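Asks: First the structure, which I've put down as structure tokens, then a few questions once you've had a look.
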Amino acid sequence: MPRRPRLTYLRAFDASARYLSFSLAAQELNLTQAAVSQQIKLLETALGASLFLRHNRSLTLSESGTAYYHVVREVLDRLDSVTDQLFPDTGKTIVTVHCTPSIATIWLAPRLRDFHALHPNIEVHLRTTDILPDKYRGQSNDLEIVRQSRDAEPDEAMRKLWDVQILPVCSPGYLAGRGPVGSADHICELDLIHTLGYENDWHRWARLYASPKVEVKSGFSVDGLVISIEAACRGEGVILGRKPLIDDYLQDGRLVEALPGNPGLTTAYFIRMAARAPERRSIKLLADWIVNQAHQE
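Numbering of the sequence shown is given in the working numbering, commencing with residue 4 and proceeding in unit increments.
And the structure:
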């Protein structure tokens, strides 16, 4: 093999370095694991250096491999970008986004048609669960929408989407049937709907706004924000809704603030590129588009 390695070997190295797995790299490249392993060995022989440290059940990049990967990734990124620009119809690129079911259902999925119209060759795959078929396990997501405290310091790979306000909301009919609600203490006496994964929100809200003697009712719990929103719309109780995810519900009157003027709780949502995600033009385009959509809210 000449000193200048073949592009196919560099593609095999790039995929193996991203996944730290020859088998997952083989799936992406539509090759056998043995073929990918052989290409990596030929590349290492040509370069006269080990690019990976091979353990019993895992791979890690060597020091030389880490340095070489950054250069290879930059070169392949540039090649992919130029190819997209000069030959826009050469095929589809897949970008994977991980987020909660509520963000996917209420906010992101309804907007993706507009993105696809702008970039028909980028195929967006939404993942809302960590329980995946075997063939997808071990694959990192290209982008992820995550939440954390507004005061927390985001890492370099994160860009803010929204500052979120968390407020008690319910259907107008539910509120009308219980008379005017004038205090947080009164809210805590109503039918509180708890959401799995956010169970502590009601306790946090009550500590801020209700009297110390007031206890948060256990009520009932539902699996996911979308289900809790629909339950509230049916008049089954009060939820802590998250703006801007409930903006449409408030605007069309399906939900109303149960305690108008209450500032509620706050958190923030960010979009983050996975540490080993390939920084291709398609991923950057989607990340920029999502940030722009969020900032229009």
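Heads up, the beta-carbon is just placed ideally off N, CA and C, and yes, glycines get one too. Being a predicted model, the structure only gives us computed values, none of them experimental.
So, helix, strand or coil for residue 244, using DSSP?
Replies: As a first step, residue 244 is located in the sequence shown; it is residue number 241 there, counting from the start. It is a strand residue.
Asks: Tell me the DSSP secondary structure of residue 44 in three-state form.
Replies: Counting from one through the sequence shown, the residue named residue 44 turns up at place 41. Three-state result, residue 44: helix.
Asks: Since residue 319 contacts residue 244 with CB under 8 angstroms, what's their CB separation in whole angstroms?
Replies: The structure shown does not extend to residue 319, since the chain is modelled only from 4 through 300, so no value can be given for it.
Asks: Is residue 96 helix, strand or coil by DSSP?
Replies: Here the question's residue 96 lines up with position 93 in the sequence shown. Reduced to three states, the DSSP call for residue 96 is strand.
Asks: Can you list, in chain order, the residues of its chain with a C-beta nearer than 8 angstroms to that of residue 234? Leave out the 5 residues immediately preceding and following it.
Replies: Position 231 of the sequence shown, counted from the start, is the residue given in the question as residue 234. If we look at residue 234 and ignore the five residues flanking it on each side, its Cβ neighbours are 196, 225, 240 and 242.
Asks: Provide the residue span of the alpha helix (DSSP H) that contains residue 233, from first to last.
Replies: One-based indexing of the sequence shown puts residue 233 at position 230. Unbroken alpha helix (DSSP H) run through residue 233: 228-236.
Asks: Three or more C-beta pairs closer than 8 angstroms, one from the region 263-272 and one from the region 161-170: is that the case here?
Replies: At 8 angstroms Cβ cutoff, the stretches touch.
Asks: Excluding the 5 residues preceding and the 5 following residue 136 in the sequence, name in chain order all residues of the same chain whose CB lies nearer than 6 angstroms to its CB.
Replies: Locating residue 136 in the sequence shown gives position 133, where the first residue counts as 1. In this prediction, residue 136 scores a pLDDT of 44, lower than 50, which makes its location untrustworthy; the coordinate-derived value is nonetheless stated afterwards. None.
Asks: Indicate the three-state DSSP secondary structure (helix, strand or coil) for residue 220 in the structure shown.
Replies: Start at 1 with the first residue of the sequence shown, and residue 220 comes out as number 217. Of the three classes helix, strand and coil, the one that applies to residue 220 here is coil, per DSSP.
Asks: Who are the Cβ neighbours of residue 12 in its own chain at under 7 angstroms, not counting the five residues just before and after it?
Replies: Here residue 12 refers to the residue found at position 9 when the sequence shown is read from its first residue. So the qualifying residues of the chain are 42, 45 and 46.
Asks: What does the Cβ neighbour count give for residue 190, buried or exposed, with the cut at 16 atoms within 10 Å?
Replies: Residue mapping note: residue 190 aligns to position 187 of the sequence shown, counting from 1. It counts as buried.
Asks: Any beta-carbon of chain D closer than 8 angstroms to the one on residue 42?
Replies: Absent from the structure is chain D; it holds one protein chain and no more.
Asks: Excluding five sequence neighbours on each side, which residues of the same chain lie with their C-beta closer than 7 angstroms to the C-beta of residue 292?
Replies: Walking along the sequence shown from the start, residue 292 turns up at place 289. Closer than 7 angstroms at Cβ, skipping near neighbours: 118.
Asks: Suppose you measure from the CA of residue 33 to the CA of residue 17; what does that come to, to the nearest Å?
Replies: In the sequence shown, residue 33 corresponds to position 30, counting from 1. In the sequence shown, residue 17 corresponds to position 14, counting from 1. One C-alpha to the other measures close to 14 angstroms.
Asks: If we count the other Cβ atoms within 10 Å of its Cβ and call it buried at 16 or more, is residue 285 buried or exposed?
Replies: Stepping through the sequence shown from its first residue, residue 285 is reached at position 282. Under this definition residue 285 is a buried residue.
Asks: Rounded to a whole number of angstroms, what is the C-alpha to C-alpha distance between residue 8 and residue 267?
Replies: The residue you call residue 8 lines up with position 5 of the sequence shown. The residue you call residue 267 lines up with position 264 of the sequence shown. Looking at the two C-alpha atoms, the distance is approximately 59 angstroms.
Asks: Inspect the beta-carbon positions of residue 54 and residue 100 and report whether they are closer than 8 angstroms.
Replies: Working through the sequence shown from its first residue, we reach residue 54 at position 51. Working through the sequence shown from its first residue, we reach residue 100 at position 97. No, they are not a contact pair.
Asks: Could you tell me the alpha carbon to alpha carbon distance between residue 123 and residue 180, rounded to whole angstroms?
Replies: On the sequence shown, position 120 is the one that residue 123 refers to. On the sequence shown, position 177 is the one that residue 180 refers to. If I take the Cα positions, the gap works out to 50 angstroms.
Asks: Measure the CB-CB distance between residue 23 and residue 61 and report whether it falls below 8 angstroms.
Replies: Taking the first residue of the sequence shown as 1, we reach residue 23 at position 20. Taking the first residue of the sequence shown as 1, we reach residue 61 at position 58. Cβ distance < 8 angstroms, so residue 23 and residue 61 count as in contact.
Asks: Assuming residue 29 and residue 39 form a contact by the criterion Cβ under 8 angstroms, report the distance between their Cβ atoms to the nearest whole angstrom.
Replies: As a first step, residue 29 must be located in the sequence shown, where it is residue number 26. As a first step, residue 39 must be located in the sequence shown, where it is residue number 36. So it is a contact: roughly 5 angstroms between Cβ atoms.
Asks: Take residue 31 and list the residues in its own chain whose beta-carbon comes closer than 6 angstroms to its own, dropping the five residues that flank it on each side.
Replies: Mapped onto the sequence shown, residue 31 falls at position 28. 18.
Asks: On the criterion of 16 or more Cβ atoms from any shown chain inside 10 Å, does residue 144 qualify as buried, or is it exposed?
Replies: On the sequence shown, position 141 is the one that residue 144 refers to. By the neighbour-count rule (16 or more Cβ atoms within 10 Å), residue 144 is buried.
Asks: Kindly identify the DSSP beta-bridge partner or partners of residue 259.
Replies: Numbered from 1 along the sequence shown, position 256 holds the residue referred to as residue 259. For residue 259, which the question treats as bridged, DSSP gives the partners 173.
Asks: Classify residue 201 as helix, strand or coil using the three-state DSSP reduction.
Replies: The count along the sequence shown starts at 1 and reaches residue 201 at position 198. If DSSP states are grouped into helix, strand and coil, residue 201 belongs with coil.
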